[in-house]
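**Q**
Residue numbers (UniProt numbering): 1 to 288.
Following this line, the structure appears as structure tokens:
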């Protein structure tokens, strides 16, 4: 939106922007989650005579005031309420999704996995968890730069969204770490799904600004399954998938390894591999 489409006089508009910027700066510390106790809060209101919806939309666009809400005093409130609903929807999306890849973030992933495990047990159905890790991703950043690394992650996220079923869940759970939650899928079908994903990744052509040649990547995957026969915790299924992912890295990368079925196993054994050895398998780098 072009801010010049607003109706406020330029001087009035600039004064309002300065006041809003000052207030936002003063309230910045209160927006820090570490400073929020959840016990107290306050809504701050300010009458802005002559301000119209088109003015506020222009100001909000210019200064990114999307998390600020506005209501008219006398005009039809419906357009404002629609904007508030849109803002709330955007905030909910941002709270649950990774801004780079548009996949679910770590917090949403953990919540969804816990809920799906409960549902799988109640229905007596299988559930598959897949952990994915980009092979030698640090070398991509070191060789081509972080913007190219971001392009790799962005393209990979788009591919996962395209490959998954409508009722599967795709998440970015770490730097170059991703996850798929596959409801009602057993071991054989899950391995087929993951093999298809790995093949799709191999065929990706990633074009980075300033890089003359296309970039190609591979990923490794760890797969864990519960049949829904006994209650299985999120932590247990994740640990099984993580161990399988480590085995895929150890076996040469660009492959999927499956863990024993969660319903038939005890707690996963602790690895005896040192941290520096594991870091080498995942990044290809040794400790300097």
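Even glycine gets a Cβ: it sits at the ideal position worked out from N, Cα and C.
Can you tell me whether residue 167 is buried or exposed, with buried defined as 16 or more other CB within 10 angstroms of its CB?
**A** Counting from 1 along the chain shown, the entry for residue 167 is found at position 167. Counting Cβ neighbours within 10 Å, residue 167 comes out exposed, since fewer than 16 surround it.
**Q** Do you know whose CA, among 165, 97 and 135, lies nearest residue 295's CA?
**A** Because residue 295 is not part of the residues shown, which for the chain are 1 to 288, the question remains open.
**Q** Since residue 97 sits in a beta bridge, which residues does DSSP pair it with?
**A** Here residue 97 is taken as the residue at index 97 of the chain shown, counted from 1. Answer by DSSP bridge pairing, in chain order: 104.
**Q** Classify residue 78 as buried or exposed, calling it buried when 16 or more other Cβ atoms lie within 10 Å of its own Cβ.
**A** Position 78 of the chain shown, counted from the start, is the residue given in the question as residue 78. When all chains shown are included, residue 78 counts as exposed.
**Q** Is DSSP giving residue 254 helix, strand or coil here?
**A** The residue given as residue 254 occupies position 254 in the chain shown. Residue 254: coil per DSSP, three-state reduction.
**Q** Can you grab the Cα-Cα spacing for the pair residue 52 / residue 43, in whole Å?
**A** Taking the chain shown and counting its residues from 1, one reaches residue 52 at position 52. Taking the chain shown and counting its residues from 1, one reaches residue 43 at position 43. C-alpha separation (whole angstroms): 21 Å.
**Q** Would you check if the distance between the CB atom of residue 120 and the CB atom of residue 129 is smaller than 7 Å?
**A** Here residue 120 refers to the residue found at position 120 when the chain shown is read from its first residue. Here residue 129 refers to the residue found at position 129 when the chain shown is read from its first residue. It is not a contact, given that the beta carbons lie outside the stated cut-off.
**Q** Looking at C-alpha atoms only, which residue of 24, 97, 25 and 12 is the closest neighbour of residue 55?
**A** Taking the chain shown and counting its residues from 1, the one referred to as residue 55 is at position 55. Closest by alpha carbon: 12.
**Q** How would you label residue 50, buried or exposed, when you count the other beta carbons within 10 angstroms and need 16 or more for buried?
**A** Residue 50 sits at position 50 when you count from the first residue of the chain shown. Residue 50 comes out exposed.
**Q** Pull up the DSSP beta-bridge partners for residue 220, would you.
**A** Here the question's residue 220 lines up with position 220 in the chain shown. 133, per the DSSP bridge assignment.
**Q** State the start and end residues of the unbroken alpha helix (DSSP H) segment that holds residue 77.
**A** Along the chain shown, one-based indexing puts residue 77 at 77. Unbroken run through residue 77: none, as it is neither H nor E.
**Q** For residue 257, is the classification buried or exposed, using 16 other Cβ atoms within 10 angstroms of its Cβ as the cut-off for buried?
**A** In the chain shown, counting from the first residue as 1, residue 257 sits at position 257. Under this definition residue 257 is a buried residue.
**Q** With a CB to CB cut of under 8 Å and the five nearest residues on each side skipped, what residues in its chain are close to residue 214?
**A** The count along the chain shown starts at 1 and reaches residue 214 at position 214. Result list for residue 214: 205, 206 and 207, in chain order.
**Q** Just to confirm, is the Cβ distance from residue 219 to residue 132 under 7 Å?
**A** As a first step, residue 219 must be located in the chain shown, where it is residue number 219. As a first step, residue 132 must be located in the chain shown, where it is residue number 132. It is a contact, given that the beta carbons lie within the stated cut-off.
**Q** Using the beta-carbon count (16 or more within 10 Å), is residue 140 buried or exposed?
**A** In the chain shown, counting from the first residue as 1, residue 140 sits at position 140. Buried: at least 16 other Cβ atoms inside 10 Å.
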